[in-house]
Ligand SMILES: Nc1ncnc2c1ncn2[C@@H]1O[C@H](COP(=O)(O)OP(=O)(O)O)[C@@H](O)[C@H]1O
Ligand SMILES: [Mg+2]
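In my numbering, the protein residues as written are 710 to 921.
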């Protein structure tokens with residue numbers, strides 16, 4: 710059973726958006742997927758409630774209530790949506806639940822600053838130091854030709870954890886969330902630019918590089 714966690718102490722950076730889309734990606738590929746929501750805001754579980762029964766199944770787990778107890782044993786992939794504001798002991802506890810850690814970052818000075826502190830903290834977690842968990846960053850809500858995007862791109866290259874993908878700001882994410890879908894389940898004529906941007910992320914997730 711593989712555990713992929715999306716986390717950043719900063720709220721609103723796209724944790725739930727990435728978690729739901731990663732779950733949808735593996736489900737459409739035929740894997741048995743559970744989506745564990747550690748955030749009491751329960752955005753991932755709300756998304757699942759919007760999902761229609763004819764879509765590939767994803768099992769929701771209210772991890773903020775009782776951890777992983779209800780994760781089906783048969784799950785191949787558990788995608789974990791982490792809460793904001795996780796630091797210290799709580800962060801160490803959270804990281805125990807995953808071998809792959811994805812940190813989304815927005816092109817904003819406040820977010821980059823907060824993420825620098827968070828990534829330093831994450832790198833100091835024993836499990837990460839022992840390379841039993843792999844970190845990757847993802848730039849999210851990128852708009853081409855903005856100055857701050859150039860800064861984020863440079864920042865993510867420098868922060869010394871693998872920088873995996875850059876995802877544009879797109880209504881497709883809002884549209885997909887509203888319907889309980891991932892962007893992989895939207896029609897190609899609408900979503901192909903997003904599919905292309907996800908390619909490096911899904912390739913990383915499929916490869917050994919994202920696993921201990
Ligand atoms: N790439 C994107 N394009 C457009 N909107 C996005 C994108 N990523 C996230 N959003 C929107 O930004 C808001 C915050 O994202 P969310 O995934 O809920 O963040 P978090 O879980 O980290 O708090 C939501 O309204 C979401 O729909
Ligand atoms: Mg969220």
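Backbone N, C-alpha and C fix where the C-beta goes; we use that ideal spot for every residue, glycine too.
No experiment lies behind these values; they were computed from the predicted model shown.
Can you tell me whether residue 856 is buried or exposed? The criterion is at least 16 other CB atoms within 10 Å of its CB, across all chains shown. Exposed, because fewer than 16 other Cβ atoms sit within 10 Å of the Cβ of residue 856.
Taking 6 Å as the line, does the beta carbon of residue 747 fall inside it for any heavy atom of ligand 1? Residue 747 has its Cβ no nearer than 6 Å to any heavy atom of ligand 1.
Quick one: residues in its chain with C-beta nearer than 8 Å to the C-beta of residue 720, no 5 flanking neighbours on either side, listed in chain order? For residue 720, where only same-chain residues beyond five positions count, the Cβ hits under 8 Å are 793 and 794.
At a cut of 8 Å, does the stretch 805-813 reach the stretch 717-734 through at least three beta carbon pairs? Taking a cut-off of 8 Å for Cβ pairs, the stretch 805-813 and the stretch 717-734 touch, as three or more such pairs fall below it.
Kindly indicate which residue of 901, 774, 892 and 769 has the alpha-carbon position closest to the one of residue 781. Comparing Cα-Cα distances from residue 781 to each of 901, 774, 892 and 769, the minimum goes to 769.
Give me the Cα-Cα distance between residue 873 and residue 775, rounded to the nearest whole angstrom. Each residue's CA atom was taken as its position, placing residue 873 and residue 775 some 32 Å apart.
Collapsed DSSP secondary structure at residue 813 in the structure displayed: Judged by DSSP in its simplified three-state form, residue 813 adopts strand.
Endpoints, beta strand (DSSP E) assigned at residue 835: It is not in any beta strand (DSSP E) - residue 835 instead sits in the alpha helix (DSSP H) that spans 835-838.
Ends of the beta strand (DSSP E) at residue 746? Its beta strand (DSSP E) spans residues 742-746.
Burial state of residue 819, where buried means 16 or more other Cβ atoms lie within 10 Å: Exposed.
Could you give the DSSP three-state label for residue 721: helix, strand or coil? Coil, per DSSP.
Would you call the stretch 733-745 in contact with the stretch 823-838, where contact means no fewer than 3 C-beta pairs closer than 8 Å? Contact between the stretch 733-745 and the stretch 823-838 is absent, because fewer than three Cβ pairs lie under 8 Å.
From this set, 877, 916, 919 and 912, which residue's C-alpha is nearest residue 901's C-alpha? That would be 877, whose Cα lies nearest to the Cα of residue 901.
As assigned by DSSP and simplified to three states, the class of residue 726: Residue 726: helix per DSSP, three-state reduction.
Tell me whether residue 883 sits in a helix, a strand or coil according to DSSP, three-state version. The answer is helix: DSSP assigns residue 883 an H, G or I state.
When you compare only the Cα positions, how much space is there between residue 804 and residue 798? Roughly 10 Å separates the two Cα atoms.
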